[in-house]
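Student: Numbering (this note's numbering), first residue to last: 11 to 701. After the structure tokens below, expect a handful of questions from me.
Here's what the structure looks like:
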């Protein structure tokens, strides 16, 4: 019964209704309001007619080409793989009952079939590629099922096409995890001559539930398969991530070790096992405490569950080495207690090298940067090259500005260029800081100290060179400590409890007479002999002949190339000044004079007036006085009077000291008041007075 109408009578009415709709001009509103035709079916008839579907066609459906069909089947490969075994289990029931079961995708493409192959209005096997949907065959069960997302059953004339009126079809949707229709299962049977009432009672009321249950089974299997594939992907990703992590750890040149709350080693990378001299079989069996000394605080620090770092000595049975250990605890989110701690072991030697390089403590000069052709500089340079091949300490002696640090860097870069070059100016450090700068300190050893401590310059020079400039100004009380470090190759930080082995080379430099310092008890004699195993005297610029001219040209070209300026010429008068001036500040003063002249000159030629005033006037003054005296020698051709000789002596002394009157007085062995009186008496006009 359907709304009080017997099934056979209802179907006859629907058949007549369809004729009125297709042939007799039944209006859409009248069709939709018909009490014995489902409104959704009526709406589908209307859509089918508007899309131009021929209800009287003997062959229906749309053919797909091979590539289209292959693409659709590949897209639904998992669905077909899941449905096929269920279809096989259904085969016996389908064969005995003359059912046919079909799988369509959401657009109506035939994907799979089992059981009775109904007498469908097709010109080809459906598996050759057919698409059945509302646009191609009009109203059908699986199209309505896909549209409304619930099971649908069509009986005979409810189909739009006349050629499908001999079918009873039930369809159920297969949904994805988002609730969207991805396919439909269809169960169909041909209508025989049996009465409609018997057919409905024996088939229709059961098959809709059957196909719905089967669709639910396919849907569940599909979700299960996708979940399995997702888990498999996650597992594969975890395996890949783990292998990537292991490969990454193996490439890290620092030791990475994990320990649990008891200190048991649970994991270690390749460098970590090498540091501890540990085999893979021992991981999980050995405790980190076995590799630490009795005074170690590492485990206590780990149990505090804080990100921190500590310096520890590791003993692996073969050797002892000092490491900076970075601690990163991993906390159990449920218990809020320590689960494991990740330890990164970095050699202090490598960290110190990084610190020195980042702080600019590197050697940039080589022997190629020592410019000059004089015999004096070539002799010093040759000796430095030969000494560079030795491991002994070197003492450089020379006036300020002669290039002692350039020599030190050149020696370092020839001997161990890969190691740190740490320079300490003993004269520039405050007396109270010299000790901590040289030897370092432990955390909390004095007020204001870094809580982690800090390595001293000696530690930072590990594997390289410690350059002690102005060594003659080192406080006498520290000289004994430095001597002990040089002898034992061990250093203890301020506030420390143990010595650390250090390996470095010392190059010391001074602008003072070391013998005089020793004689005056300002410098320890034993330290002097320890530092001066190899000694190099660096000549002042005034003793290097034409090197001043060569150096000046070098500085001019280097500076102009750096700032992008045209290289100026140098007048003969300036060249003469370069070669004849006394240069009390040596190479440093020459370089500064050149830079001053380049930036002062208003033409393409550097003239004497472009030089610093103290150099220009000194040379001019000396030249005038020499000319006058030479004229007097020529004119008189006789012995000079004592006052004239005294005047000449004063002029030469002032010239030699670059205009420094007190220093000139010292050279002459007279007091400052006397020399100033003589200058006034002889009307000497020096270019500049100092002091």
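Note that the Cβ used here is the ideal one computed from N, Cα and C, for glycine as well. Bear in mind that the values here come from a model prediction, so they are computed numbers and not experimental data.
Tell me where the alpha helix (DSSP H) around residue 65 begins and ends.
Tutor: From DSSP, residue 65 is part of no alpha helix (DSSP H); its letter is neither H nor E.
Student: So residue 618 and residue 584 are supposed to be a Cβ contact under 8 Å. How far apart are they, rounded?
Tutor: About 6 Å; that satisfies the 8 Å criterion.
Student: According to DSSP, simplified to helix, strand and coil, what is residue 484?
Tutor: Residue 484 falls in the coil class under three-state DSSP.
Student: To the nearest angstrom, how far is the alpha carbon of residue 688 from that of residue 660?
Tutor: The straight-line gap from Cα to Cα measures roughly 8 Å.
Student: For residue 196 and residue 226, which I take to be in contact (beta-carbon distance under 8 Å), what is that distance rounded to the nearest angstrom?
Tutor: In fact, because the Cβ distance is near 15 Å, the residues do not count as touching under 8 Å.
Student: Distance check for residue 582 and residue 638, CA to CA, integer angstroms please.
Tutor: Because residue 638 carries a pLDDT of 48, less than 50, the predicted location of this residue cannot be relied on, and no value is offered for it.
Student: Tell me whether the beta-carbon of residue 337 lies closer than 7 Å to the beta-carbon of residue 331.
Tutor: Against a cut-off of 7 Å, the Cβ pair of residue 331 and residue 337 comes out as no contact.
Student: Quick one: what's got a C-beta closer than 8 Å to residue 587's C-beta in the same chain, skipping five residues either side?
Tutor: Contacts found: 618, 621, 625, 626, 629.
Student: Report all residues from its chain with a CB closer than 7 Å to the CB of residue 38; omit the five preceding and five following residues, and keep chain order.
Tutor: If we look at residue 38 and ignore the five residues flanking it on each side, its Cβ neighbours are 56.
Student: Terminal residues of the continuous alpha helix (DSSP H) containing residue 83?
Tutor: Here the alpha helix (DSSP H) through residue 83 covers 76-85.
Student: Evaluate contact between the stretch 420-439 and the stretch 371-379, counting only Cβ atoms and requiring at least three cross-stretch pairs below 8 Å.
Tutor: Cβ pair count under 8 Å is three or more, so yes.
Student: Can you round the beta-carbon distance between residue 156 and residue 191 to whole angstroms, since I take them to be within the 8 Å contact cut?
Tutor: The pair is a contact, with the Cβ atoms about 5 Å apart (cut-off 8 Å).
Student: Between which two residues does the alpha helix (DSSP H) carrying residue 24 extend?
Tutor: Element bounds for residue 24: 17-33.
Student: Between which two residues does the beta strand (DSSP E) carrying residue 318 extend?
Tutor: Residues 318-325.
Student: Give a yes or no on whether the C-beta atoms belonging to residue 425 and residue 394 are separated by under 7 Å.
Tutor: Not closer than 7 Å, so no.
Student: Helix, strand or coil: which one does DSSP assign to residue 477?
Tutor: It is a strand residue.
Student: Mapping DSSP to helix, strand and coil, what is residue 118?
Tutor: Looking at residue 118 - three-state DSSP - the assignment turns out to be coil, as it is neither helix nor strand.
Student: Residues in its own chain within less than 8 Å of residue 290 by CB, not counting five upstream and five downstream?
Tutor: Excluding residues within five positions, the ones whose Cβ falls inside 8 Å are 283.
Student: Can you give the Cα-Cα distance for residue 386 and residue 671, rounded to whole angstroms?
Tutor: Near 29 Å, if we compare the C-alpha coordinates of residue 671 and residue 386.
Student: Taking DSSP as the reference, what is the three-state secondary structure of residue 450?
Tutor: Three-state result, residue 450: strand.
Student: Looking at the structure shown, is residue 465 part of a helix, part of a strand, or coil, going by DSSP?
Tutor: Three-state result, residue 465: strand.
Student: Grouping DSSP H, G and I as helix and E and B as strand, with all else coil, what is residue 169?
Tutor: Looking at residue 169 - three-state DSSP - the assignment turns out to be coil, as it is neither helix nor strand.
Student: Can you list, in chain order, the residues of its chain whose CB lies under 8 Å from that of residue 501, leaving out five sequence neighbours each side?
Tutor: Here the set comprises 449, 450, 466, 468, 469, 495, 509, 510, 512.
Student: Just checking my contact of residue 481 with residue 520 at CB under 8 Å: how many whole Å lie between their CB atoms?
Tutor: Right, the Cβ-Cβ distance comes to about 5 Å (below 8 Å), so this counts as a contact.
Student: May I have a chain-ordered list of the alpha helix (DSSP H) segments no shorter than 4 residues that lie completely inside the stretch 368-407?
Tutor: With a minimum length of 4 residues, the continuous alpha helix (DSSP H) runs that stay inside the stretch 368-407 are 385-398.
Student: Using the Cα positions of residue 522 and residue 681, report the straight-line distance between them to the nearest angstrom.
Tutor: Distance between the alpha carbons of residue 522 and residue 681: 24 Å.
Student: Below 7 Å CB to CB, which residues in the same chain sit around residue 673 once its five sequence neighbours on both sides are set aside?
Tutor: Contacts found: 667.
Student: From residue 369 to residue 410, what does the alpha carbon distance come to, in whole angstroms?
Tutor: Its pLDDT being 49, under 50, residue 369 is placed unreliably in this model, and the value from its coordinates should be taken loosely. So the alpha carbons of these two residues sit roughly 25 Å apart.
Student: Using the DSSP secondary-structure output, state which residues sit across from residue 140 in a beta bridge.
Tutor: In the DSSP output, where bridge partners are listed per residue, residue 140 has 73.
Student: For the stretch 596-611 and the stretch 425-434, state whether three or more C-beta atom pairs, one from each stretch, are separated by less than 8 Å.
Tutor: At 8 Å Cβ cutoff, the stretches do not touch.
Student: Between which two residues does the alpha helix (DSSP H) harbouring residue 688 extend?
Tutor: Segment 682-691, the alpha helix (DSSP H) holding residue 688.
Student: Which term fits residue 591, buried or exposed, when burial requires 16 or more other beta carbons within 10 angstroms of its beta carbon?
Tutor: Buried, because 16 or more other Cβ atoms sit within 10 Å of the Cβ of residue 591.
Student: Taking all protein chains shown into account, do 16 or more other C-beta atoms lie within 10 angstroms of the C-beta of residue 112, making it buried, or fewer, making it exposed?
Tutor: That one is buried.
Student: Residue 549: which of 98, 388, 96 sits nearest, CA to CA?
Tutor: Ranking 98, 388, 96 by Cα distance to residue 549 puts 388 first.
Student: State yes or no: is the beta carbon of residue 593 nearer than 7 Å to at least one beta carbon in chain C?
Tutor: Protein chain content of the structure displayed is limited to a single chain, and chain C is not contained in it.
Student: At a cut of 8 Å, does the stretch 164-175 reach the stretch 78-85 through at least three beta carbon pairs?
Tutor: Segments in contact, no.
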